[in-house]
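Visitor:
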Amino acid sequence: MVPEADLDPIQKLFLDKIREYATKSKTTGGLVDAGPEYQKNLSEEMTKLQRLYGGGDLTKFPDFKFSEPKLDEVAPK
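Start counting the sequence shown at 51; every next residue gets the next number (my numbering).
(1) Less than 8 Å between C-beta atoms, sequence neighbours within five positions excluded: which residues of the same chain meet that for ALA72?
(2) Just to confirm, are GLN100 and LEU92 a CB contact at a threshold of 8 Å?
(3) So the alpha helix (DSSP H) THR109 belongs to, where does it begin and stop?
(4) Do we get a CB-CB distance below 8 Å when we pair PHE111 with the residues of chain D?
(5) In the DSSP assignment, find the unbroken alpha helix (DSSP H) run with ASP122 in it and report its ends.
(6) Consult DSSP for LYS67 and reduce its assignment to one of helix, strand or coil.
Encoded structure:
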């Protein structure tokens with residue numbers, strides 16, 4: 051990686067903004083600069099999805115359970 055002193059000003063600004071965003075994201079525990087209107091819309095949409103798809107935790111990947119099909123044994127002729 052190139053030392054920060056050798057970066058041009060645009061690259062340095064870009065890296066500084068990424069680091070600033072990462073810091074803000076860790077302190078808020080989620081999206082940065084998401085206001086109360088966004089949070090309200092998010093909760094409304096999550097409620098709609100839970101009502102449509104039967105509830106559960108919509109933030110995790112679904113757990114699929116497939117049963118083994120019953121196959122008939124075929125006797126050689």
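Backbone N, C-alpha and C fix where the C-beta goes; we use that ideal spot for every residue, glycine too.
Guide: By the coordinates alone:
(1) For the purposes of this step, residue 72 is taken as the residue at position 22 of the sequence shown. Excluding positions up to five away in sequence, the list is empty.
(2) Counting from 1 along the sequence shown, the entry for residue 100 is found at position 50. Counting from 1 along the sequence shown, the entry for residue 92 is found at position 42. No, they are not a contact pair.
(3) Within the sequence shown, the letter at position 59 stands for residue 109. No alpha helix (DSSP H) holds THR109; DSSP gives it neither H nor E.
(4) Judged by its chain identifiers, the structure shown contains no chain D, having just a single protein chain.
(5) As a first step, residue 122 must be located in the sequence shown, where it is residue number 72. ASP122 -> no alpha helix (DSSP H), and no H or E assigned at all.
(6) Walking along the sequence shown from the start, residue 67 turns up at place 17. Looking at LYS67 - three-state DSSP - the assignment turns out to be helix.
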